[in-house]
Amino acid sequence: MGPLAGIRILDLTTVMMGPSATQVLAEMGADVIKVEAPGGDPVRYIGPARHHGMGALFLNANGSKRSIVIDLKSAGGRRALLKLCESTDVLAYNIRPQAMARLGLGYEDVRAVRPDIIYAGMFGYGQDGPYAARPAYDDLIQGAALLPYLIARAGDGTPRYVPSAIADRIVGLAAVGAVNAALYHRQKTGEGQRVDVPMFETMVGLTLADHLGGLTFEPPLGEGGYQRLLSPERRPYRTKDGYICALVYNDKQWRSFYTATGRAADYDADPRLSSIKTRTEHIDALYAEVSAAFAGRTTAEWMALLETADIPFVPLHDFESIMQDPHLNAVGFMPVVDHPSEGAIRKIQPASTWSATQPVPHRPAPRLGEHTRDLLGEAGLAPAEIDALIAAGAVQAES
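Okay, so the sequence shown: first residue is 501 according to the numbering used here, each after it adds one.
Below you can see the structure in the form of C-alpha cells.
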C-alpha cells in the first residue's frame, strides 16, 4: 500500500514540476486526484503518442493518479473543487498564488472547508520579495540560478541550459520532502499549514552550496566557484574508440591511477598531487594529463585497467545503450507494462527500496476525465447533481 496509504492529495499542478512531485507521492501510496482544466494538462500533447492526449511525457509524470476535469473558473466548478477539499489532506498547485486567489481558492478559502489541510504551492519566487508575482519556467530559473553561466565558464564560453527540466524536477523533489514533513507535523499536532516551495530560492541554494566558495565569508576570501567542477577538462574522457566516464578523486585513487599507468615515480615526485587542496589548485592541468592518457587505450582496455585499480568508472550511455544497461535490467528499473488504453509501455520505477512499505506504481496514467464521476460520487454528490454539473460545463467526464 505504500507509506502514504490513506493520504488524499488534490493535484492542481500541470506540465513537469508539480506532476513529477505528485507522482512520487502517488507511488508512495497517496490517492492523488489530478484536477485538469477542460483542455487537459498541456503536457498530454507533448511527445510521441498512440492516442490523443496520452503523450510520452504525460505518461511518465502522471502514473498512479486519477483524473477529474473541472472548470475552476466556473462557480459550479469551484464548488465541486471545494467539496473535494473536504476529504483532502494535501492540495498541491503550481500556478502563482495570485492566480489561486483570483479563482477563490487561496489558502484561507480552502482552509475554511478543511482547517488542517496542507496547502502546498510550487511556483517561481518567494512571496515576500519583488519577484513574487512573476511567472517562471525551468529555462528562466536555470538562468537566474547560474546554471548557464557555470556551463559557459566550464565550456567554450557559451551559456547553455542543462538539457533536462532539472529545475522542475529538483524543485518537485523538494516539494515532496516539504509535503511529507508537513504531514508529519500535522500528525503530531493536528495543525495544517501553507507550504511554499519557490523555484528560484531552491535552485540558487542548490547551486551556491557548491559554488559560494570564498564568498561564504564576509569580507570575501576569494571569488565564487568550485574549481574542480568548473574545470573545462571535467568531462567524459575520449578513448581510442569512444568515451568513458571516470573519476580520479581521492589520494588512493590518484596513486592507483599513476601506478596503473606506469607512472608511480611521477606521482611521488609531483607536489601538485600531494593533497586534495593542491590538486584542486592545479585541477585543469591534472585533468588535461589524465585526458591525454585516456586517448592512448580503447574503452575496453580502460574498463579492465580501472576495475583492477579500483578507480570508479561507468560507460558513457546514449538512449540506446541505457536500455541495455545490465544493472538497470537486473533491478527491474524500466519494465514493460500493459496500459489499458495505450498498450505496452516502458514504466520507470521508484528508485528507492523499502523493507516494509515499498513505493510502487499502482495505477496507470489516467485518460482525461476518466474518474470524474467516481470522484464526485465519493465526495458525496448524487448522480443527478453530477449530471447537472456536466450539463453546465462545470466538470467533464470521459465519454
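The C-beta atom is built at its ideal place from N, Cα and C for all residues, glycine as well.
- Residue 785 is positioned such that its CB atom lies no closer than 8 Å to that of residue 761.
- Contact check for residue 816 and residue 743: beta-carbon distance about 4 Å, within the 8 Å limit, so the pair qualifies.
- About 34 Å separates the beta carbon of residue 822 from that of residue 683, a gap too long to meet the 8 Å contact definition.
- Proximity of the segment 560-574 to the segment 529-543 meets the contact definition, three or more beta-carbon pairs being nearer than 8 Å.
- A distance below 6 Å between beta-carbons, with the five flanking residues on each side excluded, links residue 651 to the following residues of its chain, in chain order: 660.
- When C-alpha distances from residue 549 are compared across 845, 859, 771, 678, the shortest belongs to 845.
- The C-beta distance from residue 620 to residue 679 rounds to 5 Å, short enough to fall under 8 Å.
- Taken atom to atom, the span from the alpha-carbon of residue 637 to that of residue 520 is near 15 Å.
- Taken through DSSP and simplified to helix, strand or coil, residue 618 comes out as strand.
- About 7 Å separates the Cβ atoms of residue 563 and residue 863, confirming a contact at the 8 Å cut-off.
- For residue 664, the number of other beta carbons within 10 angstroms of its own is below 16, and it is reported as exposed.
- Contact check for residue 613 against residue 647 fails: the beta carbons are separated by 8 Å or more.
- Secondary structure in the segment 663-745: the beta strand (DSSP E) runs of 3 residues or longer, each lying completely within the stretch, are 693-698 in chain order.
- In this structure, the alpha-carbon of residue 775 lies about 26 Å from that of residue 795.
- For residue 518, the number of other beta carbons within 10 angstroms of its own is at least 16, and it is reported as buried.
- Per DSSP, residue 582 is not a residue of any beta strand (DSSP E); the alpha helix (DSSP H) it occupies stretches across 575-585.
- Looking only at 701, 745, 806, the smallest Cα-Cα distance to residue 752 is reached by 806.
- Between the alpha carbons of residue 886 and residue 671 lies a distance of about 36 Å.
- Annotation: residue 787 is outside any beta strand (DSSP E); the continuous alpha helix (DSSP H) that includes it extends over 783-794.
- Between residue 741 and the set 597, 830, 870, 803, the nearest pair of CA atoms involves 803.
- The three-state reading of DSSP puts residue 876 in helix, counting H, G and I together.
- Within the same chain, 886 come within 6 Å of residue 876 by CB-CB distance, once the 5 residues on both sides are set aside.
- By the neighbour-count criterion, in which 16 or more other beta carbons inside 10 Å mark a residue as buried, residue 871 falls on the buried side.
- A Cβ-Cβ separation of about 6 Å places residue 624 in contact with residue 698 under the 8 Å criterion.
- Minimum Cα-Cα distance from residue 609 among the listed residues 585, 899, 797 corresponds to 585.
- Taking the C-beta atoms as reference points, residue 716 is found no nearer than 8 Å to residue 645.
- Residue 828 has its alpha-carbon roughly 16 Å from the corresponding atom of residue 837.
- Ranked by Cα distance from residue 892, the first of 692, 511, 552, 578 is 578.
- Taking the C-beta atoms as reference points, residue 543 is found no nearer than 8 Å to residue 525.
- In this structure, the alpha-carbon of residue 592 lies about 6 Å from that of residue 512.
- The criterion of a C-beta distance shorter than 8 Å is not satisfied by residue 658 and residue 594.
- Between residue 722 and residue 714, the alpha-carbon positions lie close to 4 Å from each other.
- DSSP, reduced to helix, strand and coil, places residue 593 within a strand of the structure shown.
- For residue 648, the uninterrupted alpha helix (DSSP H) segment begins and ends at 647-654.
- In this structure, residue 509 keeps its C-beta atom at 8 Å or more from the C-beta atom of residue 616.
- Here the C-alpha atom of residue 842 lies approximately 7 Å from the C-alpha atom of residue 551.
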